[in-house]
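S.K.:
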Amino acid sequence: MNGERNTNLDLIKSVACISVVGLHAVNMNNYTLYYLFDCGVPLFFMVNGYLLLLREQAGYRYVLYKIAHILKVVLSWNFLIVVPVLIFRQKLINPFRMAFDSLLQKGYLWHFWFFGALILIYLILPVLHLLIYEKRRFHRAMCLALMCVCLCMSTLSMIKGYPLSMFVPQPLRLWTWLFYFLLGGLAAFESGKIQRVPLRVHGILLFLFTLYNNTVEKKVGLYLLHSRLAEYFYDNLFSIIWYLLLFTFLLRLPIKDSCKIPISRFSSLTMGIFIIHPILLFALNALFTPGGTAAVLIFWPGLTMSSLLISYMISKIPLARGLIRLR
916 MNGERNTNLD
926 LIKSVACISV
936 VGLHAVNMNN
946 YTLYYLFDCG
956 VPLFFMVNGY
966 LLLLREQAGY
976 RYVLYKIAHI
986 LKVVLSWNFL
996 IVVPVLIFRQ
1006 KLINPFRMAF
1016 DSLLQKGYLW
1026 HFWFFGALIL
1036 IYLILPVLHL
1046 LIYEKRRFHR
1056 AMCLALMCVC
1066 LCMSTLSMIK
1076 GYPLSMFVPQ
1086 PLRLWTWLFY
1096 FLLGGLAAFE
1106 SGKIQRVPLR
1116 VHGILLFLFT
1126 LYNNTVEKKV
1136 GLYLLHSRLA
1146 EYFYDNLFSI
1156 IWYLLLFTFL
1166 LRLPIKDSCK
1176 IPISRFSSLT
1186 MGIFIIHPIL
1196 LFALNALFTP
1206 GGTAAVLIFW
1216 PGLTMSSLLI
1226 SYMISKIPLA
1236 RGLIRLR
């Protein structure tokens, strides 16, 4: 692998982070914005797949090292939250139980479900990595098989009139997360073929699918799924195409030298923003809940910048910076 930092991946991580904050800040006050922001989670999984599947080696020693650091972050934040919960809610919680629950999208740190899904993917990564490097066709076949599972889930959900994935906790929907993880890796291996498409054509396709997919999600959620939660659209065909077009477009987008340092610096704080913004959101919602498009358009950047500032301050404290970084 080339040791040079990939600024385009930093850009994708930054877009994903801003989108996740937007998804939670906007919520369902404006469905157009809400569905524009649902790209964040798939992009995060695709970035991880791109980076890890492109490695020359990904054995269990490396994987256990990665998992240990995830668990360290999860446990640290759950221990930290014991004090405010005790003070403000007069409730004593078991941080170890809370850490486990947070990986399953429960409790105060429910957004740690992303780490739970990553851990499950990491556990099978060495086998996947070995098979992919021995037989490249396996990678394509696995992506195709998982996409078929996604499409079946999406189609059956529309036929039934409710999302079937609602019965499976979000971190355990591995058919979806493993698909996006492998898709990110496939984009790395097939970058030569992607480059053959003129960037302007790529941009036009992305723009058209952005508009079309946004419309489809609104209609499908309202009339077929009878649920408008963004998490139930990750298996949808048009969403998959949109996420892939967005990921590959950002991956090949020319970045000026003057923009590289700011993008990389912001990217280095994305994990902190991801961790902190729901905690801030919980505290702010106790005081007020923004309603209407104008309010959330102010609230979303404010929440992002506040989370960024706190992450930056934590990164400057040597003993604390491990709270917002996964090695």
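Here the sequence shown stands for residues 916 to 1242, where the numbers follow my numbering. Glycine included, each C-beta is placed from N, C-alpha and C at the ideal position. Keep in mind the model is a prediction, meaning the values are calculated, not measured.
Tell me the DSSP secondary structure of H1141 in three-state form.
M.R.: Here H1141 sits in coil by DSSP.
S.K.: Quick check on DSSP: helix, strand or coil for K1171?
M.R.: Looking at K1171 - three-state DSSP - the assignment turns out to be coil, as it is neither helix nor strand.
S.K.: Report the rounded CA-to-CA distance for P1078 versus L1071, giving the unit in angstroms.
M.R.: Roughly 8 angstroms between the two C-alpha positions.
S.K.: For V936, which of G1237, P1216, I1239 and M1228 has the nearest alpha-carbon?
M.R.: Minimum Cα distance to V936 is reached at P1216.
S.K.: Whole-angstrom Cβ separation of S1222 and I1239, contact assumed at under 8 angstroms?
M.R.: Rounded, the Cβ-Cβ distance is 10 angstroms, inconsistent with contact.
S.K.: Between I1109 and R1167, is the Cβ-Cβ spacing less than 8 angstroms?
M.R.: Contact flag set, yes.
S.K.: Could you give the residue range of the alpha helix (DSSP H) that holds N864?
M.R.: Residue 864 is absent from the model: the chain starts at 916 and stops at 1242.
S.K.: Alpha carbon to alpha carbon, what distance is there between T1130 and R984?
M.R.: Here residue 984 is His; the residue named in the question, Arg, does not match the sequence. Cα to Cα, H984 sits roughly 40 angstroms from T1130.
S.K.: Quick one: is A1060 buried, meaning 16 or more other Cβ sit within 10 Å of its Cβ, or exposed?
M.R.: The residue is exposed, with fewer than 16 neighbouring Cβ atoms inside 10 Å.
S.K.: State the start and end residues of the unbroken alpha helix (DSSP H) segment that holds T1204.
M.R.: It is not in any alpha helix (DSSP H) - T1204 carries neither H nor E in the DSSP assignment.
S.K.: Are the beta-carbon atoms of Y1147 and L958 separated by less than 8 angstroms?
M.R.: No. Outside cutoff.
S.K.: Taking the alpha helix (DSSP H) that S1106 falls in, what are its first and last residues?
M.R.: Looking at the DSSP string, the run of the alpha helix (DSSP H) that includes S1106 is S1106 to Q1110.
S.K.: Mapping the DSSP letters down to three states, classify L1114 as helix, strand or coil.
M.R.: Note: L1114 maps to helix in three-state DSSP.
S.K.: Taking V989 as the reference, give the member of L1123, L1033 and Y1127 with the closest Cα.
M.R.: Cα-wise, what sits closest to V989 is L1033.
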